Amino acid sequence: MTDLAATPEVSVTFTVNGTEHTVHCEPRKLLSDVLREDLGLTGTHAGCEHGACGACTIIVDGKAVRSCLLFGVQMSGAQVQTIESLAAPDGTLNTVQQAMQDNHGLQCGFCTPGVVMTLHAYLGDHPHASDDELREALSGNICRCTGYDGIIKAARQAAGR
């Protein structure tokens, strides 16, 4: 019988928010846990841990993904962007973050990083999205506080309309 506690760690090198990192993790360790525990990037929230809530959404190689559905070892050579990368070094919010604040698109804040990362990626590819398209893009992000109206208003503002 194999002792799972003795699973060897694997070294993985990837770029997170513009900085190259090498982490040593077990092959079964989720990317969300690597980001939070090994790299101290706690803005990526772990909600359901099976991809349904969207709280752990990040951008990997230009695409919005659920970090709880990936293993850290899968990131070898990848470009990863987390919520921590969006605000300027002086704390100035990016367009989506500012729009969320301006339009009361957040309340408790738990889902907010995933929503912001989803909108950041989606609006980058679809800057003229309709409200229905925005709702579809956000359909994988569960928010129990806002009712989504403020989030859709924020998306409109971030898109410049």
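Remember, this note's numbering sits 13 above the position in the sequence shown when you count from 1. Glycine included, C-beta positions come from ideal geometry on N, C-alpha and C. Please read these numbers as outputs of a predicted model, since none were measured by experiment.
Exercise. So, are the CB atoms of GLN92 and ALA171 less than 9 angstroms apart?
Worked result: Taking the first residue of the sequence shown as 1, we reach residue 92 at position 79. Taking the first residue of the sequence shown as 1, we reach residue 171 at position 158. For GLN92 and ALA171, no; Cβs fall outside 9 angstroms.
Problem set entry | N-terminal and C-terminal residue of the beta strand (DSSP E) that THR20 is part of | Counting from 1 along the sequence shown, the entry for residue 20 is found at position 7. It is not in any beta strand (DSSP E) - THR20 carries neither H nor E in the DSSP assignment.
Problem set entry | Within 9 angstroms, strictly: CB atoms of CYS66 and CYS124 | Within the sequence shown, residue 66 is the residue found at index 53, counting from 1. Within the sequence shown, residue 124 is the residue found at index 111, counting from 1. Yes, the Cβ-Cβ distance between CYS66 and CYS124 is below 9 angstroms.
Problem set entry | Coarse secondary structure for LEU151, derived from DSSP in three states | Counting from 1 along the sequence shown, the entry for residue 151 is found at position 138. DSSP places LEU151 in coil when its eight states are reduced to three.
Exercise. Can you find at least 3 beta carbon pairs, one from the stretch 22–32 and one from the stretch 86–103, that sit closer than 8 angstroms?
Worked result: yes
Exercise. Anyone know if the C-beta pair for ILE165 and VAL129 falls short of 9 angstroms?
Worked result: Counted from its first residue, the sequence shown places residue 165 at position 152. Counted from its first residue, the sequence shown places residue 129 at position 116. Not a contact, by the Cβ cut-off of 9 angstroms.
For this session: Identify, in the order they occur along the chain, each residue of the same chain with its Cβ nearer than 6 angstroms to the Cβ of LEU44, setting aside the five sequence neighbours on each side.
Result: Locating residue 44 in the sequence shown gives position 31, counting from the first residue. Excluding positions up to five away in sequence, the list reads SER80, LEU83 and GLY85.
Problem set entry | Ranges of the alpha helix (DSSP H) found wholly within the stretch 82–127, counting only runs of at least 4 | Segments of the alpha helix (DSSP H) lying fully in the stretch 82–127: 108–115.
Exercise. What first and last residue would you give for the alpha helix (DSSP H) that runs through ALA168?
Worked result: Locating residue 168 in the sequence shown gives position 155, where the first residue counts as 1. Residues 162–171.
For this session: Starting from the C-beta of VAL78, find all residues in its chain whose C-beta is less than 8 angstroms away, skip the five residues before and the five after it, and write them out in chain order.
Result: For the purposes of this step, residue 78 is identified with residue 65 of the sequence shown, where counting begins at 1. Scanning its chain for C-beta atoms nearer than 8 angstroms, with the 5 sequence neighbours on each side dropped, one finds around VAL78 the residues THR70, ILE71 and ILE72, in chain order.
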